[in-house]
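In my numbering, the protein residues as written are 536 to 800.
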Amino acid sequence: MLIIGELINTSRKAIRPAVERKDTAFIQDLAQRQVEAGAHYVDVNCGTLVHDEVQTMEWLVDTVQEAVSQPLCIDTPRAEAMEAGLAGVKNGQPMVNSITAEKERYARILPLVLKYKAKVVALCMDDKGVPASAEERITIIRRLVTDLTADGVPEDDIYLDPLITPISTGDHYGQAVLETVRFIRREYPRVHAVCGLSNISYGLPNRKILNRAFMIQTMAAGMDAYILDPLDKAMMGFVYASQALLGQDSYCGQYLSAHRSGLFE
Numbered sequence: 536m537l538i539i540g541e542l543i544n545t546s547r548k549a550i551r552p553a554v555e556r557k558d559t560a561f562i563q564d565l566a567q568r569q570v571e572a573g574a575h576y577v578d579v580n581c582g583t584l585v586h587d588e589v590q591t592m593e594w595l596v597d598t599v600q601e602a603v604s605q606p607l608c609i610d611t612p613r614a615e616a617m618e619a620g621l622a623g624v625k626n627g628q629p630m631v632n633s634i635t636a637e638k639e640r641y642a643r644i645l646p647l648v649l650k651y652k653a654k655v656v657a658l659c660m661d662d663k664g665v666p667a668s669a670e671e672r673i674t675i676i677r678r679l680v681t682d683l684t685a686d687g688v689p690e691d692d693i694y695l696d697p698l699i700t701p702i703s704t705g706d707h708y709g710q711a712v713l714e715t716v717r718f719i720r721r722e723y724p725r726v727h728a729v730c731g732l733s734n735i736s737y738g739l740p741n742r743k744i745l746n747r748a749f750m751i752q753t754m755a756a757g758m759d760a761y762i763l764d765p766l767d768k769a770m771m772g773f774v775y776a777s778q779a780l781l782g783q784d785s786y787c788g789q790y791l792s793a794h795r796s797g798l799f800e
């Protein structure tokens, strides 16, 4: 299970002012706490700072890497900001977040994935937009895997994101994601599946409950990576518990370590 810590993102109210004033201590503390809580990658996103995104991305990458040794997930649709972030990565194999099947975006981002030998989050959308059904998602996934592997990206470096749509806008959207993840696991066993969970509960009360429940359901379907808040102890507890129950945790070692650390208290 790969956990990508999502908190260093300027779309979050507490993060944008800290990034704008270049608050090194704040950002580094947040990076360290995410890693200590179990993040394998740290996501960095400053996309709301449109006019200064390139320079800010460079600062964020340098600042986070001074504090943690985990690799970074460079999160932006802009090729210029993506390259600025990737060029500064020193720790491990970087991750690109993200590429899509949209022709223009694919053409701009693919060369960076190859140049920096990065893992890549591939969003299940094309020039028609976000698909509504599992069938439409599967069609796009087939194209993404075919194109990415033909262009030289190893299957193990591909992280397919089926794109979660709020169930408040359609009863079938949760099932569409689960069907898509089952397809990925069945047809492409060496390719990974990743998602951010929070969209599933958008517009509804008690959002964290829905997010955690959907995480368990998607894990059972075959999801093996998440972009989430690792400081959410209940969420991380369900990650470790689910891995143990699904036979993904040898002799329940990670579950027991989490118990000894007090995670479940």
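Positions of the beta carbon are idealized from the N, C-alpha and C atoms, including for glycine. On a predicted model such as this, the values are computed, not experimentally measured, just so you know.
- Around the Cβ of V585, a 10 Å sphere holds fewer than 16 other Cβ atoms; the residue is exposed.
- Looking at the backbone, the Cα of D597 and that of V624 are separated by about 8 Å.
- Counting of Cβ neighbours within 10 angstroms places I744 among the exposed residues, the total staying below 16.
- Of P612, E670, I543, the smallest CA-CA separation from A642 is found for P612.
- D564 is the residue among I762, H575, D564 whose C-alpha sits nearest the C-alpha of L595.
- For V579, the enclosing beta strand (DSSP E) starts and ends at 576 to 580.
- At the C-beta level, M771 and L791 stay beyond 8 Å of one another.
- Take T635, set aside five residues on each side of it, and the residues of its chain with a beta-carbon closer than 6 Å to its own are L658, M660, in chain order.
- L766 is not a Cβ neighbour of N746, given a cutoff of 8 Å.
- V655: member of the beta strand (DSSP E) spanning 654 to 658, first to last residue.
- Looking at the backbone, the Cα of V665 and that of Y708 are separated by about 12 Å.
- Apart from the 5 residues on each side of it in sequence, T591 sits with its Cβ closer than 7 Å to the Cβ of V554, C581, L584 in its chain, given in chain order.
- Looking at the DSSP output, N544 shares a beta bridge with N580.
- Two segments are said to touch when three or more pairs of C-beta atoms, one from each, lie closer than 8 Å; by this definition the stretch 615 to 633 does not touch the stretch 666 to 680.
- Counting only residues of its own chain and dropping the five nearest sequence neighbours on each side, F718 has a CB closer than 6 Å to the CB of I673.
- A straight line joining the alpha-carbon of D784 with that of Y775 spans about 8 Å.
- Secondary structure note for M630: its beta strand (DSSP E) is the uninterrupted segment 630 to 634.
- Within the DSSP secondary-structure output, G664 pairs in a beta bridge with D661.
- The beta carbons of R551 and T545 sit about 4 Å from each other, so the pair counts as a contact at 8 Å.
- In this chain, the alpha helix (DSSP H) harbouring A769 covers 768 to 780.
- Of the candidates E588, A549, A602, L542, the residue whose Cα lies closest to the Cα of D578 is L542.
- About 10 Å separates the beta carbon of Q567 from that of G540, a gap too long to meet the 8 Å contact definition.
- Beta-bridge partners assigned by DSSP to D764: none are found.
- In the three-state scheme derived from DSSP, where H, G and I count as helix and E and B as strand, Y651 is classed as coil.
- Inter-residue distance for K768 and V599 is about 22 Å (C-alpha atoms, whole angstroms).
- When only Cα atoms are considered, R640 and K663 end up about 13 Å apart.
- Less than 8 Å divides the Cβ of E593 from the Cβ of A619.
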